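Beneath this line is the structure, given in structure tokens, with notes to follow.
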Amino acid sequence: MSLESAIARLARATPAFQPGHVWLAGAGPGNAGSLTLDVIAAISAADAIVYDALVDATVLDAARQGVELHFAGKRGGRVSAAQDDITALLIALARKQRRVLRLKGGDPYVFGRGGEEALALARSGVPFRILPGVTSAFGALASAGIPATMRGLNKAIILATGHAAGEEEDLDWAALAATGQPIVVYMGLRNLGRITAALLAGGLRDSTPAAIIMAATTPDERVLVSTLGLIAGEAEAQGFAAPALIVIGDIVSMRAELVELERLVRSA
Ligand SMILES: C[S@@+](CC[C@H](N)C(=O)[O-])C[C@H]1O[C@@H](n2cnc3c(N)ncnc32)[C@H](O)[C@@H]1O
Numbered sequence: 026m027s028l029e030s031a032i033a034r035l036a037r038a039t040p041a042f043q044p045g046h047v048w049l050a051g052a053g054p055g056n057a058g059s060l061t062l063d064v065i066a067a068i069s070a071a072d073a074i075v076y077d078a079l080v081d082a083t084v085l086d087a088a089r090q091g092v093e094l095h096f097a098g099k100r101g102g103r104v105s106a107a108q109d110d111i112t113a114l115l116i117a118l119a120r121k122q123r124r125v126l127r128l129k130g131g132d133p134y135v136f137g138r139g140g141e142e143a144l145a146l147a148r149s150g151v152p153f154r155i156l157p158g159v160t161s162a163f164g165a166l167a168s169a170g171i172p173a174t175m176r177g178l179n180k181a182i183i184l185a186t187g188h189a190a191g192e193e194e195d196l197d198w199a200a201l202a203a204t205g206q207p208i209v210v211y212m213g214l215r216n217l218g219r220i221t222a223a224l225l226a227g228g229l230r231d232s233t234p235a236a237i238i239m240a241a242t243t244p245d246e247r248v249l250v251s252t253l254g255l256i257a258g259e260a261e262a263q264g265f266a267a268p269a270l271i272v273i274g275d276i277v278s279m280r281a282e283l284v285e286l287e288r289l290v291r292s293a
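For the sequence shown, the numbering used here begins at 26 and goes up steadily by one.
Next up, the structure:
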């Protein structure tokens, strides 16, 4: 069976997109290959798409001709649209009886303000649906060859945001360190020095394996493997930039073995 007919056959089970409805969807970490079938179907059926900066432009190639595109992210120094303006736009488009797709990077309910948008839609009486996406933490770990869980190494994994590190409403990094479980930090690169210092003060060793995965799953993906003590300096020296995830914990040490074994299998 061709790829097209396989997709067409599977897409028959996707929900119907009604005019006047808003779907909040996750486009995954960047690579179009991570899109779910429901999200592909929604992109092709939408009358209006409101998308974020982390949504790769190639994903929008699946939209139908004449679709209304609204960029709602921050890119190249442009200021991001205010959250209230974005929700107002979604509601206004729905009231004009458009099929409105709100497309976000990763998963809409993971550090994506999807919850706030869903609440605003519900309070305004706009019907909505959530289409999950692969959140960047799990896409990035898999793409970089780091297992999110590994028997014998971890029984939990922590997803944290680093955007407020060092500020009043910051997380209790020492409490996270005390769990002994791996931590994946979203939006943490700018505060990497503060985060590593807080984790070290919380009792993690200098030598704890740590990695940064930048632009995961895209052709620009870069991975830095280091230790908690050294990673902030190395990331800066090597020009690591957003979007990036920081991974701290023993799961990082699995990468060397897995990548080497994979290389040997491929070359056999
Ligand atoms: C506002 S959050 C959005 C998270 C998204 N909803 C998700 O589920 O992945 C943006 C952060 O996600 C992470 N991120 C998103 N895409 C990424 C990618 N392709 N590679 C590395 N990090 C990524 C970065 O930490 C970035 O600063």
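Ideal placement from N, C-alpha and C gives every residue a C-beta, glycine not left out.
No experiment lies behind these values; they were computed from the predicted model shown.
Query raised in the report: Exposed or buried, G101, counting other C-beta atoms within 10 Å across all chains shown (16 or more means buried)?
Result: In this predicted model, G101 has a pLDDT of only 47, less than 50, meaning its place in the structure is not dependable; the value taken from the coordinates is given anyway. Exposed: under 16 other Cβ atoms inside 10 Å.
Query raised in the report: Do you know how far the Cα of S251 is from the Cα of N216?
Result: A straight line joining the alpha-carbon of N216 with that of S251 spans about 17 Å.
Query raised in the report: Going by the beta-carbon positions, is the gap between Y211 and T243 smaller than 8 Å?
Result: no
Query raised in the report: Does ligand 1 have even one heavy atom less than 7 Å from the beta-carbon of S59?
Result: no
Query raised in the report: Going by C-alpha distance, which of S30, L229, R127 and G227 is nearest A70?
Result: Among S30, L229, R127 and G227, the Cα nearest to that of A70 belongs to R127.
Requested in this report: Write down the C-beta distance between I220 and W198 rounded to the nearest angstrom, noting that I regard them as a contact closer than 8 Å.
Outcome: 7 Å
Query raised in the report: Any heavy atom of ligand 1 within a distance shorter than 7 Å of the CB on I111?
Result: With a cutoff of 7 Å, I111 does not count as near ligand 1, since its C-beta is closer than that to no heavy atom of the ligand.
Query - Reference R154; option with closest CA among M175, A119 and T174 - result: If we check each option's Cα against that of R154, A119 comes out closest.
Query raised in the report: Say the cut is 7 Å; is the CB of D63 nearer than that to a heavy atom of ligand 1?
Result: no
**Report entry** Test item: CB-CB of A57 and V84 under 8 Å
**Finding:** In this structure, V84 lies closer than 8 Å to A57 by Cβ.
Report task. Taking only the alpha-carbon atoms, compute the straight-line gap between G131 and R148 and give it to the nearest angstrom. Result -> Answer to the nearest angstrom: the Cα atoms are 25 Å apart.
Query raised in the report: Going by Cα to Cα distance, which pick from P54, F265 and L49 is closest to D63?
Result: Measuring C-alpha to C-alpha distances from D63 to each of P54, F265 and L49 identifies L49 as the nearest.
Requested in this report: Please classify I271: is it buried, with 16 or more other beta-carbons within 10 angstroms of its beta-carbon, or exposed?
Outcome: buried
Requested in this report: Indicate the three-state DSSP secondary structure (helix, strand or coil) for G102 in the structure shown.
Outcome: Because G102 carries a pLDDT of 48, less than 50, the predicted location of this residue cannot be relied on, and no value is offered for it.
Query - Cut-off 7 Å between Cβ atoms - residues of its own chain near G140, not counting five sequence neighbours on either side - result: Y134
Query raised in the report: Quick one: is the Cβ of V250 within less than 7 Å of any heavy atom of ligand 1?
Result: no
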